Amino acid sequence: MLDTSTIEQIDQIATPFYYYDMDLFRRTVDHVAELAQKYDIKVHYAVKANVERRLLEYISSKGFGADCVSGNEVLHAHSCGFPADKIVYAGVGKSDKEIYNALKLGIEAFNCESLQEIFVINEMAHHYGLKANVSVRINPDIDAHTHKYVTTGLYENKFGISQHEFDKLIEILKKSEHINFIGLHFHIGSQITRVNEVYALECKRVNDIVRYFEDEGLKVENINLGGGLGVDYDDPDGNPIADFETWFGTIAQNIVRHDGQKVHVEPGRSLVAQCATLISRVLFVKSGETKNFLIMDAGMNDLIRPALYGAYHMIENLSASQRTFFPTHQAYDIVGPVCESSDVWGAGRLLPLSVRGDLMAIRSTGAYGQVMASRYNMKDLAPSVFSDALDEAPKMTDYFE
Ligand SMILES: Cc1ncc(COP(=O)(O)O)c(C=O)c1O
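As structure tokens, then:
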């Protein structure tokens with residue numbers, strides 16, 4: 001929950017907007033930087049979670065690399081201070097234009113997801129007289145025990161190359177002269193909360209696969225285990241920083257690495273989710289036949305996670321928290337303004353009695369929030385507002401004479 005003075009200040013700002021707690025963000029990144037050193041694990045931030053320039057510039061300043069999944073992410077990461085040789089590029093469908101731009105930039109590695117992709121990159125590198133670093137994304141067929149839309153490491157998912165193609169893959173890697181094979185890449189899913197169990201299992205499987213490739217005569221310099229560490233959406237104040245210690249510790253304990261072999265991870269959500277809150281305002285309170293609705297000015301166009309995955313976000317009434325009388329609580333269906341029945345923030349949520357104009361906080365929205373926003377219904381995009389630059393934010397009064 002934000003403190004009184006911050007609530008008073010942000011109450012002047014035009015809603016909806018993403019409020020970034022820059023202190024929490026920096027503490028999170030600094031903590032990860034310390035652990036990376038302690039466990040000798042390289043970190044590539046998964047840019048897809050949040051592309052806000054100020055965040056990326058800070059992350060790159062800490063010496064982290066970037067994990068990208070599109071050509072534009074590669075270019076953006078580079079423009080935010082990530083050196084080309086610290087940018088890796090995954091994704092099942094890289095276009096020729098995207099491959100060309102990344103080749104020219106000289107990125108650290110293409111994380112290739114199909115045999116055909118390796119073939120195309122080899123051909124293009126040949127054509128331009130270049131050599132491309134390639135890591136191969138393997139589908140290890142591991143259940144990450146998370147939502148089916150964010151599970152990526154099962155054979156039924158489209159990601160990575162599966163075991164039945166290993167022999168063909170090894171043959172292609174050996175004879176592709178414009179490719180420099182540098183390692184293996186894995187990413188089995190997101191919002192993983194059974195950290196010990198899932199990552200110990202992933203490491204065990206990865207150890208076997210790495211051994212297989214090395215026995216076949218391919219040197220695996222880099223082992224990239226992907227991202228996926230979950231955050232606490234139920235209790236963001238109790239657990240503002242994800243359990244990186246357990247994650248890094250589990251990996252360090254279970255991965256087998258020989259001299260000179262590097263281990264990489266790609267956290268996205270866990271670095272940025274808790275530092276942002278989507279701030280909205282109650283536009284109207286409406287009593288339906290069987291329930292009460294709080295209609296907010298932020299909707300699924302600003303944050304699609306609840307509509308897309310049924311994701312839970314804690315919601316607080318900031319204005320009510322400042323009222324001096326003891327408020328009655330009431331159950332509300334909290335909804336957005338978009339003309340879709342799925343535009344619901346939460347059904348039957350118990351909140352203090354809420355009124356038009358109340359400032360509402362939708363918590364833990366720093367990851368997969370703003371990046372997935374759309375202009376559906378021709379709504380404006382919610383801007384970023386930073387805790388250390390509140391004066392720069394547009395005020396409510398700016399829009400009226
Ligand atoms: C290849 C890859 N690496 C890393 C991540 C980051 O995952 P998370 O945000 O769960 O840490 C993703 C996200 O889907 C991904 O596709």
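FYI, my numbering numbers position 2 of the sequence shown as 2, with every residue one higher than the one before it.
Ideal Cβ positions, reconstructed from N, Cα and C, are used throughout, including at glycine.
Note that this is a predicted model, so its numbers are computed, not measured.
Residue i vs residue j beta-carbon contact at 9 Å
i      : j      : result
Thr28  : Asp297 : no
Ala90  : Asn111 : yes
Ala84  : Glu108 : yes
Gly348 : Asp333 : yes
Glu214 : Val220 : yes
Ala33  : Phe64  : yes
Ala361 : Leu303 : no
Gln370 : Val51  : yes
Leu353 : Thr328 : yes
Leu225 : Phe244 : no
Glu123 : Val92  : no
Ile13  : Met396 : yes
Glu117 : Lys94  : yes
Leu278 : Val285 : no
Ala242 : Val256 : no
Val69  : Lys48  : yes
As assigned by DSSP and simplified to three states, the class of residue i
i      : result
Thr250 : helix
Ala298 : coil
Lys62  : coil
Pro352 : strand
Glu266 : coil
Ala320 : helix
Ser384 : strand
Gln370 : helix
Lys174 : helix
Thr4   : helix
Tyr399 : helix
Met314 : coil
Val282 : strand
Asp333 : strand
Phe293 : strand
Val272 : helix
Leu303 : coil
Leu229 : strand
Asn224 : strand
Own chain partners of residue i with C-beta closer than 6 Å, once the 5 adjacent residues on each side are dropped
i      : result
His164 : none
Ala46  : Asp67, Gly227, Glu266, Gly268
Val344 : Val335
Leu403 : The structure shown does not extend to residue 403, since the chain spans only 1 to 401, so no value can be given for it.
Ala291 : Here residue 291 turns out to be Lys, not Ala, going by the sequence shown. Cβ neighbours of Lys291 beyond the five flanking positions: Asp333.
Cβ-heavy atom distance, residue i to ligand 1, below 8 Å
i      : result
Gly106 : no
Val29  : no
Gln274 : no
Gly346 : no
Lys48  : yes
Arg137 : yes
Pro267 : yes
Ser114 : no
Gln370 : no
Asn254 : no
Ser280 : no
Asp67  : yes
His185 : yes
Asn222 : no
Gly226 : yes
Ile172 : no
Ser364 : no
Asn239 : no
Gly299 : no
Ser190 : yes
Asn72  : no
Ala102 : no
Asn111 : yes
Leu229 : yes
Ala36  : no
Close-in-space but distant-in-sequence residues of the same chain around residue i (CB under 8 Å, 5 per side omitted)
i      : result
Ile41  : Leu35, Phe248, Ile251, Ala252, Val263, His264, Val265
Lys168 : Leu115
Arg375 : Asn301, Leu381
Ala373 : Asn301, Asp302, Leu303, Ile304, Leu381, Ala382
Tyr20  : Glu52, Arg54, Leu55, Cys275, Ala276, Gly366, Ser384, Val385, Phe386, Ser387
Tyr212 : Phe166
Sequence-distant residues of the same chain with beta carbon closer than 7 Å to residue i, five excluded per side
i      : result
Leu218 : Ile170, Leu173, Phe181
Pro236 : Gln274, Met314, Arg363, Ser364
Glu216 : Ile170
Asn377 : Asn301, Val338, Cys339
Asp136 : According to the sequence displayed, residue 136 carries Val and not Asp. Hits under 7 Å: Cys112, Ile161, Leu169, Leu184, His185.
Those runs of the beta strand (DSSP E) which lie wholly inside the stretch 11–95 and span at least 3 residues: The qualifying runs are 17–20, 42–46, 65–68, 87–89.
Those runs of the beta strand (DSSP E) which lie wholly inside the stretch 92–167 and span at least 3 residues: Within the stretch 92–167, the complete beta strand (DSSP E) runs of at least 3 residues are 109–112, 132–137.
Minimum length 4: unbroken alpha helix (DSSP H) runs contained in the stretch 178–219: If you keep only unbroken alpha helix (DSSP H) runs of at least 4 residues inside the stretch 178–219, you get 195–215.
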